[in-house]
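> Just dropping this structure here.
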Amino acid sequence: MAIVAALFITTATGATAAEKPSWIWGAGAAKDNETVYFRKVIRLNKPTQSAKLTLSCDNGFEAFVNGKKVLAGGDWNNARTADVKKHLNVGRNVIAVRGWNEGSVAGLVGQLDIAASTSRHNIINTDDSWRSSRSKIAEWETPGFDADGWSNSREVGELGVSPWGNVFAKASKGSGGTPGVPTPEQLSLANGFKAELLHVVPKGEQGSWVALTEDHKGRLIASDQYGHLYRITPPKIGDDASKIYIEKIDVPIGHAQGLLWAFNSLYVVVNGGGIAGHGSGLYRVIDTNGDDKLDKVETLKKINGGGEHGPHDVILTPDKKNLYVVAGNHTQLPAKLDAKRNPSAFEEDLLLPRQPDARGHARTIRAPGGWVCKVSPDGKKWELISSGYRNAYGLALNGHDELFTFDADMEWDYGTPWYRPTRVNHVVSGSEYGWRTGTGKWPSHYPDSLPPAIDIGPGCPTGAEFGTGANFPRRYQDALYILDWTFGTIYAVHLTPDGASYTGTRETFVAGKPFPVTDLVFHSDGAMYFAIGGRRTQSALYRVTWAGGDIAEKAPAQAGKDAAKLRKLRKRLEAFHGRRDPKAVEAAFKHLGHEDRFIRYAARIAIENQPVGEWETKVLNAKNADTIITGVVALARSGQAASRDALLNKLLSLDLAKLSERQKLELSRAYALVFIRMGEPADKNLAKRLVASLDSQYPAKGADLN
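So this is what it looks like as structure tokens:
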């Protein structure tokens with residue numbers, strides 16, 4: 000149960016209260032997950048020498064003196080104490096405490112020991128004279144607040160009573176910071192940036208936030224991982240954080256890991272059991288009567304999957320006409336897809352026996368793994384765009400309408416040959432990023448997969464967003480921001496066009512400890528907002544703004560017109576994905592041998608979407624080595640087993656001495672795909688020639704080929 004206490008202590012100067020404080024609560028019986036505010040006023044006639052405030056609350060609290068936060072605690076076993084002398088004035092003073100209990104019994108106990116200049120002590124204890132309320136009203140913690148309508152508090156028992164015992168015996172020095180919530184001063188930020196702590200989320204009342212979005216009026220919407228949705232009106236930039244306003248959205252939906260305001264609706268991706276039967280799936284929440292209150296939940300699509308590898312983010316497509324939805328590898332695709340860009344059947348495509356994870360993780364999960372789908376606004380049409388992820392959480396579009404995600408590693412694999420670090424992937428049409436369970440993960444050099452833009456390393460990916468439109472210097476507007484929950488870091492990834500795709504470098508943008516970052520939003524006010532929380536940890540909301548002066552700077556040098564031309568070519572080829580077109584083979588086949596890997600990939604997917612009879616002979620008659628290798632990969636995935644020997648003979652026709660290391664790796668994969676999908680050659684002589692050809696490459700110079 001969550002409790003907020005605002006305490007105003009009134010006593011005559013020189014009077015000494017009883018030495019033993021009482022545990023108190025709001026009037027009436029305590030309820031789970033409630034919030035209570037307490038008030039009491041103190042008047043001082045003389046300056047103080049010291050003023051020791053000691054507090055404990057089951058389970059946590061925040062304390063204010065005259066509107067300034069002075070003390071916080073997150074464990075009732077560990078009472079906290081601080082000298083608040085500098086915050087007290089001669090005359091009327093106000094102390095405010097916000098506390099919360101996450102279940103069972105509830106109580107707040109406190110004592111203010113004031114030493115006057117005469118060395119005489121005034122001791123003010125918590126008791127039933129404190130005024131209390133269960134309704135939060137703006138500026139409740141300030142001296143000018145009128146609490147006439149509040150009730151007297153209820154005493155639960157004296158300090159020392161069971162189940163708490165004498166919690167003051169082990170009181171330790173505290174501060175205004177909430178345990179588990181770094182203050183802005185404790186964060187490491189990129190030069191020139193400023194962080195603000197806007198809100199410490201009371202766990203018992205508002206849970207632990209894992210998803211954020213901005214609505215049409217500039218308000219934020221957040222979701223508790225295992226609870227409801229909340230609407231936040233942030234303070235204007237430059238205003239005090241206390242001006243934040245938070246309200247629960249009174250609809251039976253929550254447990255969201257993806258939120259998006261679009262088409263005059265709130266789209267919600269629920270992960271897990273949900274609320275009132277609204278379990279894992281895509282939902283739309285609307286305001287039916289125009290009163291600015293969301294009041295109706297529409298189920299668009301139930302999704303079979305949940306947990307930390309379930310459905311996650313939702314964003315708008317570049318044309319703002321549809322949605323993208325991403326899900327982790329424990330999430331099944333919708334039973335009926337309306338289309339898919341990559342036409343091949345989902346296969347493991349492993350030549351050697353696979354060893355499943357020794358601890359049983361994902362032992363029964365098979366391709367396609369995690370996925371990205373394009374979805375119509377009404378949720379009726381689903382098209383598979385990309386697959387082969389382990390557990391990508393966030394999606395983000397850059398200024399060129401290119402889609403990216405931040406995919407997870409399998410931390411238990413660390414140090415093994417099949418370990419793949421967390422990485423930023425360019426989510427291009429028809430892409431397959433090769434996650435397979437156990438030891439079966441595809442190496443990045445496989446031609447039927449694609450490489451990452453950048454490997455990050457061990458971590459736990461959560462949100463992702465580009466800084467487009469932020470009131471940041473240009474370099475940071477163009478950056479991709481990715482969140483690592485485990486290591487408490489927001490990275491700014493600076494992507495550089497590289498052919499038809501990108502490569503990147505990373506910079507630590509914000510870091511803290513503990514700092515379990517979950518999601519972020521670049522707001523229309525030009526600031527970055529992000530949350531920490533997840534897995535029921537202490538949650539909070541922060542804001543980052545630029546404070547380094549004039550943001551005007553020279554635009555970065557263009558990465559070359561060639562890169563833009565290659566991206567344009569890639570997109571022309573991608574236009575043939577997911578459909579048959581009589582112009583596709585003529586347009587795409589000539590690019591199977593292109594020097595750019597992403598062009599070769601896009602061309603192959605384009606022809607795989609066409610009838611094999613239109614292009615098989617062209618592959619078998621090809622002369623260019625890359626065209627032959629890429630074409631055989633396409634036929635192995637799309638053709639019939641009757642073509643097996645012809646394909647193997649075509650690969651044998653290549654002069655190994657003239658192939659680069661990269662081409663040899665791709666040739667090896669082409670052979671493997673023929674064997675996997677079409678079987679072993681029946682011709683013994685052909686088999687001997689294959690053995691002799693392959694054996695001649697070893698030992699090779701490169702570790703990957705060996």
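For the sequence shown, position 464 matches number 463 in numbering that gives the first Met the number 0, and the numbering has no gaps at all. Even glycine gets a Cβ: it sits at the ideal position worked out from N, Cα and C.
Return the CA-CA distance between PRO333 and SER386, expressed in angstroms with no decimal places.
Translated into the one-based positions of the sequence shown, residue 333 becomes position 334. Translated into the one-based positions of the sequence shown, residue 386 becomes position 387. So the alpha carbons of these two residues sit roughly 13 Å apart.
> Give the list of continuous alpha helix (DSSP H) stretches no shorter than 4 residues that lie fully inside the segment 261 to 333.
Taking only runs of at least 4 residues, no alpha helix (DSSP H) segment lies wholly in the segment 261 to 333.
> Inspect the beta-carbon positions of ALA463 and PHE403 and report whether they are closer than 8 Å.
As a working note, residue 463 is residue 464 in the sequence shown. As a working note, residue 403 is residue 404 in the sequence shown. Yes, they are a contact pair.
> Would you list, in sequence order, the uninterrupted alpha helix (DSSP H) runs of no fewer than 4 residues that lie entirely inside the segment 177 to 232?
Segments of the alpha helix (DSSP H) lying fully in the segment 177 to 232: 202 to 205.
> Taking the Cβ atom as the reference point for each residue, do ALA491 and GLU506 lie within a distance shorter than 8 Å?
The residue you call residue 491 lines up with position 492 of the sequence shown. The residue you call residue 506 lines up with position 507 of the sequence shown. Yes; because the gap between Cβ atoms is below 8 Å, this pair is in contact.
> Once the 5 residues before and after ARG362 are set aside, which same chain residues still bring their CB inside 8 Å of it?
Taking the first residue of the sequence shown as position 1, residue 362 is located at position 363. Closer than 8 Å at Cβ, skipping near neighbours: PRO355, ASP356, THR436 and GLY437.
> For TRP163 versus ASP57, is the C-beta spacing smaller than 8 Å?
Taking the first residue of the sequence shown as 1, we reach residue 163 at position 164. Taking the first residue of the sequence shown as 1, we reach residue 57 at position 58. The answer is yes: Cβ separation under 8 Å.
> Excluding the five sequence neighbours on either side, which residues of its own chain have a C-beta within less than 8 Å of the C-beta of ASP483, listed in chain order?
Sequence index remark: in the sequence shown, residue 483 carries index 484 (1-based). THR421, ILE455, GLY458, CYS459, PRO460, THR461, ILE489, TYR490 and VAL516, listed in sequence order.
> Given a threshold of 16 other Cβ atoms within 10 Å of its Cβ, counted over all protein chains shown, does SER717 qualify as buried or as exposed?
The requested residue 717 is not part of the displayed model; the chain covers only 0 to 705.
> Which residues does DSSP pair with TYR36 in a beta bridge?
Against the sequence shown, residue 36 aligns to sequence position 37. Paired residues: SER132.
> What are the boundary residues of the beta strand (DSSP E) that includes LEU540?
The residue given as residue 540 occupies position 541 in the sequence shown. Run containing LEU540: 538 to 545, per the beta strand (DSSP E) assignment.
> Determine which residues share a DSSP beta bridge with ILE489 and list them.
Counting from one through the sequence shown, the residue named residue 489 turns up at place 490. According to DSSP, ILE489 bridges with LEU482 and VAL509.
> According to DSSP, what are the bridge partners of GLN696?
Translated into the one-based positions of the sequence shown, residue 696 becomes position 697. Bridge partners of GLN696: none, in fact.
> Determine the DSSP secondary structure at LEU349, reduced to helix, strand or coil.
The residue given as residue 349 occupies position 350 in the sequence shown. Looking at LEU349 - three-state DSSP - the assignment turns out to be coil, as it is neither helix nor strand.
> Going straight from the alpha carbon of LYS135 to that of TRP434, what length do you get?
Taking the first residue of the sequence shown as position 1, residue 135 is located at position 136. Taking the first residue of the sequence shown as position 1, residue 434 is located at position 435. Taking the straight line joining both Cα atoms gives about 49 Å.
> Run the CB neighbour count on LEU351, radius 10 Å, all protein chains shown included, and call it buried at 16 or more, exposed below.
By 1-based counting over the sequence shown, the position of residue 351 is 352. Label assigned to LEU351: exposed.
> Helix, strand or coil: how does DSSP classify VAL618 here?
Sequence index remark: in the sequence shown, residue 618 carries index 619 (1-based). Looking at VAL618 - three-state DSSP - the assignment turns out to be helix.
> Based on Cα-Cα distance, which residue from ILE675, ASN124, SER103 and GLY327 lies nearest to ILE113?
Residue mapping note: residue 113 aligns to position 114 of the sequence shown, counting from 1. Considering only alpha carbons, the answer is ASN124.
> Give the DSSP-derived three-state secondary structure of ASP57 in the structure shown.
Along the sequence shown, one-based indexing puts residue 57 at 58. If DSSP states are grouped into helix, strand and coil, ASP57 belongs with the strands.
> Taking only the alpha-carbon atoms, compute the straight-line gap between HIS713 and GLY393 and give it to the nearest angstrom.
Lying outside 0 to 705, the shown extent of the chain, residue 713 is not represented and no answer is given.
> ILE2 by DSSP, collapsed to three states: which one?
If you number the sequence shown from 1, residue 2 lands on position 3. Residue confidence for ILE2 is low, a pLDDT of 43 falling below 50, so the modelled location carries little weight; the figure read from the coordinates is stated next. It is a strand residue.
> With GLY280 and HIS254 assumed to form a contact (beta carbons below 8 Å), what rounded beta-carbon distance in angstroms separates them?
On the sequence shown, residue 280 is found 281 positions in, with the first residue counted as 1. On the sequence shown, residue 254 is found 255 positions in, with the first residue counted as 1. Wrong, their Cβ atoms sit about 11 Å apart, outside the cutoff.
> Among the residues of its own chain, which have a CB less than 7 Å from the CB of GLY175, if the five just before and after it don't count?
For the purposes of this step, residue 175 is taken as the residue at position 176 of the sequence shown. Answer for GLY175: LYS68, VAL69, LEU70 and ALA71, listed in chain order.
> Quick one: residues in its chain with C-beta nearer than 6 Å to the C-beta of ALA499, no 5 flanking neighbours on either side, listed in chain order?
As a first step, residue 499 is located in the sequence shown; it is residue number 500 there, counting from the start. Answer for ALA499: LEU565, ARG566, ARG569, ASP595, PHE597 and ILE598, listed in chain order.
> Where does THR53 land, buried or exposed, given buried means 16+ other C-beta within 10 angstroms?
By 1-based counting over the sequence shown, the position of residue 53 is 54. When all chains shown are included, THR53 counts as buried.
> Can we say the segment 18 to 37 touches the segment 58 to 67, given the rule of at least three CB pairs closer than 8 Å?
They do not touch, by the three-pair rule.
> Mark THR34 as exposed unless 16 or more other C-beta atoms lie within 10 angstroms of its C-beta, in which case mark it buried.
Here the question's residue 34 lines up with position 35 in the sequence shown. Its Cβ being crowded by 16 or more others within 10 Å, THR34 is buried.
> Specify, as a first and last residue, the run of the alpha helix (DSSP H) that MET677 falls within.
The count along the sequence shown starts at 1 and reaches residue 677 at position 678. Taken as a continuous stretch (DSSP letters only), the alpha helix (DSSP H) holding MET677 covers 660 to 677.
> Does the beta-carbon distance from HIS227 to GLY429 come in below 8 Å?
For this step, residue 227 is matched to residue 228 along the sequence shown. For this step, residue 429 is matched to residue 430 along the sequence shown. No; because the gap between Cβ atoms is not below 8 Å, this pair is not in contact.
> Pull up the distance between the alpha-carbon of GLY173 and that of GLY548, whole angstroms please.
As a working note, residue 173 is residue 174 in the sequence shown. As a working note, residue 548 is residue 549 in the sequence shown. If you take the alpha carbons of GLY173 and GLY548, they lie about 35 Å apart.
> Grab the span of the beta strand (DSSP E) containing GLY456 for me, first residue to last.
Start at 1 with the first residue of the sequence shown, and residue 456 comes out as number 457. Looking at the DSSP string, the run of the beta strand (DSSP E) that includes GLY456 is 453 to 456.
> Count the other C-beta atoms from every protein chain shown that fall within 10 angstroms of the C-beta of GLN185, then say buried if there are 16 or more, exposed otherwise.
Numbered from its first residue, the sequence shown carries residue 185 at position 186. So GLN185 ends up on the exposed side.
> Taking the continuous alpha helix (DSSP H) assigned at LYS380, which residues delimit it?
Position 381 of the sequence shown, counted from the first residue, corresponds to residue 380. From DSSP, LYS380 is part of no alpha helix (DSSP H); its letter is neither H nor E.
> Looking at the structure shown, is LEU52 part of a helix, part of a strand, or coil, going by DSSP?
As a first step, residue 52 must be located in the sequence shown, where it is residue number 53. In this structure, LEU52 counts as strand in the three-state DSSP scheme.
> Between which two residues does the alpha helix (DSSP H) carrying SER21 extend?
What you label residue 21 is simply residue 22 of the sequence shown in a count that begins at 1. That residue, SER21, is in no alpha helix (DSSP H); its beta strand (DSSP E) goes 21 to 24.
> From ASN328 to THR141, what distance separates their C-alpha atoms?
The residue labelled residue 328 in the question sits at position 329 within the sequence shown. The residue labelled residue 141 in the question sits at position 142 within the sequence shown. Rounded to the nearest angstrom, the two C-alpha atoms are 49 Å apart.
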